[in-house]
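Going by this note's numbering, the first residue of the sequence shown is number 44, and it counts up by one from there. Cβ coordinates follow ideal geometry from the N, Cα and C atoms, glycine included. Fair warning: this is a prediction, and the values are worked out from it, not measured in the lab. Input: a single structure, listed below in structure tokens.
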Amino acid sequence: MQLERRNDVFKYNGNTVNGRTADIGLTTHGSNFYFAICAVMTVAGFVFAAMSYRVERRNRLFHYITSGVVFVAAIAYFTMGANLGFTPIEVEFRRSDPVVRGTYRAVYYARYVDWFITTPLLLMDLLLTAGMPWPTILWVILVDEIMIVTGLMGALIQSIYKWPFFVFGKNSITLPFDSKSCCVALFYIVFQLTWEARIHSKTFGRDVERTFLMCGSLTAFLWILYPIAWGLSEGGNVIAPDSEAVFYGVLDFLAKPVF
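Rendered as structure tokens:
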């Protein structure tokens, strides 16, 4: 008996939401990729949970945090793979490229729900490793939540007023639509990871410093790439939703299970 491989999510979950149809939307290629990342996140979650049984309960905090991060991400990627958790938003930039030509683009708010839950946990993982004091940890987490919320608000705004959620400056990222922007909140977090927390980790010995330097540097580098993905997809409508799925999916894979 030969099993047929088929993705029929669009038969049940179309591109019309709240009376609007996303003519710049996901295809089966992007959906399949989302489901693949969902599977990877799920397997990683069970692996991390199983690894926690190798240590005493009081030492399982980092295992639980990491497992929670990838399980939440798995739910978000299943949602997006099923073509759910999005809303059509009128694009500011109309493109002639067939893959991004249209009026309404699917913006996946499920992605931001994922980040709102998981990025504070990732930061907690790192800052606890560095032995940072709790007031600093809570403050950095608050800044992170501001970053995620402003990113979502910018993605949902249809006009040029999405860009005031970003700060314009010389040291910012150059986007394809000739706009320079960087998120103050993001760069504050990167500063904490690459400078203050890194220095603080040295007080706990070479092993802790080495672990934090490796994980903190990877996180800081990957997080700097997210505004580029945002500018190319939700912000500037330069790449198709399928390409958006790959861009964000690879970043999330490296920032979560690999982390």
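Handout entry: Residue environment, residue 154, which counts as buried when at least 16 other CB atoms sit within 10 Å
Key = Burial call: buried.
Exercise for the section: Find out if the Cβ-Cβ distance for the pair residue 109, residue 157 is shorter than 8 Å. Expected result: Pairing residue 109 with residue 157 gives a Cβ-Cβ distance that is not under 8 Å.
Handout entry: C-alpha distance - residue 190 paired with residue 228, whole-angstrom precision
Key = Between residue 190 and residue 228, the C-alpha separation is close to 6 Å.
Practice task
Excluding the 5 residues preceding and the 5 following residue 265 in the sequence, name in chain order all residues of the same chain whose CB lies nearer than 6 Å to its CB.
Solution key: Here the set comprises 294, 297 and 298.
Exercise for the section: Check whether the region 278-289 touches the region 127-136, counting contact only when three or more Cβ pairs, one atom from each stretch, lie closer than 8 Å. Expected result: Yes: the two stretches touch, three or more of their Cβ pairs being nearer than 8 Å.
Exercise for the section: Within 10 angstroms of the Cβ of residue 202, are there 16 or more other Cβ atoms? Answer buried if so, exposed if not. Expected result: Exposed is the call here.
Exercise for the section: Look up residue 63 in the DSSP assignment and give the residues it is bridged to. Expected result: In the DSSP secondary-structure assignment, residue 63 is bridged to 60.
Practice task
Assign residue 317 to one of two classes, buried (16 or more other C-beta atoms within 10 Å of its C-beta) or exposed (fewer than that).
Solution key: Here the chain comprises residues numbered 44 to 302, so residue 317 is not present and cannot be evaluated.
Problem - residue 133 - partner residues in DSSP beta bridges - result: Beta-bridge pairing links residue 133 to 147.
Problem - Run of the alpha helix (DSSP H) containing residue 278, from where it starts to where it stops - result: Where residue 278 is concerned, there is no enclosing alpha helix (DSSP H), given that its DSSP letter is neither H nor E.
Practice task
Using the Cα positions of residue 93 and residue 138, report the straight-line distance between them to the nearest angstrom.
Solution key: Spanning the two alpha carbons is a distance of roughly 48 Å.
Problem - Beta-carbon gap between residue 159 and residue 188 smaller than 8 Å - result: In this structure, residue 159 sits near residue 188, with a CB-CB distance shorter than 8 Å.
Practice task
Given a cut-off of 8 Å, decide if residue 121 and residue 106 are closer than it, judged by their beta-carbon atoms.
Solution key: No, the pair does not count as a contact, with Cβ atoms beyond the cut-off.
Practice task
Put residue 235 into one of helix, strand or coil per three-state DSSP.
Solution key: The DSSP-derived three-state label of residue 235 is helix.
Exercise for the section: State whether the region 138-150 contacts the region 81-90, with contact taken as three or more CB pairs (one from each stretch) at a distance under 8 Å. Expected result: By the Cβ test, the region 138-150 is not in contact with the region 81-90, since fewer than three Cβ pairs between them sit closer than 8 Å.
Exercise for the section: Go ahead and label residue 278 buried or exposed: buried means 16 or more other beta carbons lie within 10 angstroms of its beta carbon, across all protein chains shown. Expected result: With a threshold of 16 other beta carbon atoms within 10 Å, residue 278 meets it and is buried.
Practice task
Sort 82, 205 and 233 by Cα distance to residue 292 and report the nearest one.
Solution key: With respect to the C-alpha of residue 292, the residue from 82, 205 and 233 having the closest C-alpha is 82.
Handout entry: Option in 164, 274 and 73 with minimal Cα separation from residue 116
Key = Ranking 164, 274 and 73 by Cα distance to residue 116 puts 164 first.
Problem - Cβ-based neighbour list, residue 173, same chain, cut-off 6 Å, excluding 5 preceding and 5 following - result: Result list for residue 173: 240, 243, 244 and 255, in chain order.
Practice task
Check residue 299 in the structure and name its three-state DSSP category.
Solution key: Of the three classes helix, strand and coil, the one that applies to residue 299 here is coil, per DSSP.
Practice task
Pull up the distance between the alpha-carbon of residue 212 and that of residue 267, whole angstroms please.
Solution key: Confidence in residue 212 is poor, its pLDDT being 28 and thus under 50, which makes the residue's placement unreliable; the coordinate value appears in the next sentence. So the alpha carbons of these two residues sit roughly 15 Å apart.
Exercise for the section: Taking all protein chains shown into account, decide if residue 124 is buried (16 or more other Cβ within 10 angstroms of its Cβ) or exposed. Expected result: Under this definition residue 124 is a buried residue.
Problem - Nearest residue (CA-CA) to residue 184, options 118, 166 and 251 - result: When only C-alpha atoms are compared, the closest one is 166.
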